[in-house]
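The block underneath contains the structure these notes are about, expressed in structure tokens.
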Amino acid sequence: MIKFFKSVAHEMHLVTWPTAKQNRHDTGTVITTSVLFALFLGVLDYLFSVLTQMFM
191 MIKFFKSVAH EMHLVTWPTA KQNRHDTGTV ITTSVLFALF LGVLDYLFSV
241 LTQMFM
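Take the sequence shown: its position 9, counted from the start at 1, is 199 in the working numbering, and no numbers get skipped.
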């Protein structure tokens, strides 16, 4: 078990972690994409609601 944790620690030192700038950029991309997708789904929901009301 100790060998496993030593291997994990060794591998963690080999990982290339993103910089703070990369993290900010990626976070901004995720937030922007999420907001745009939510707006798109909201517009679709509204259109389907209007179409449904027209035929009832």
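Even glycine gets a Cβ: it sits at the ideal position worked out from N, Cα and C.
This structure is a prediction, so every number in the text was calculated from the model and none was measured.
- Going by DSSP, Val198 is part of the alpha helix (DSSP H) stretching over 192-204.
- Shown here, Met246 sits in coil according to DSSP, grouped into three states, outside any helix or strand.
- In the three-state scheme derived from DSSP, where H, G and I count as helix and E and B as strand, Thr209 is classed as coil.
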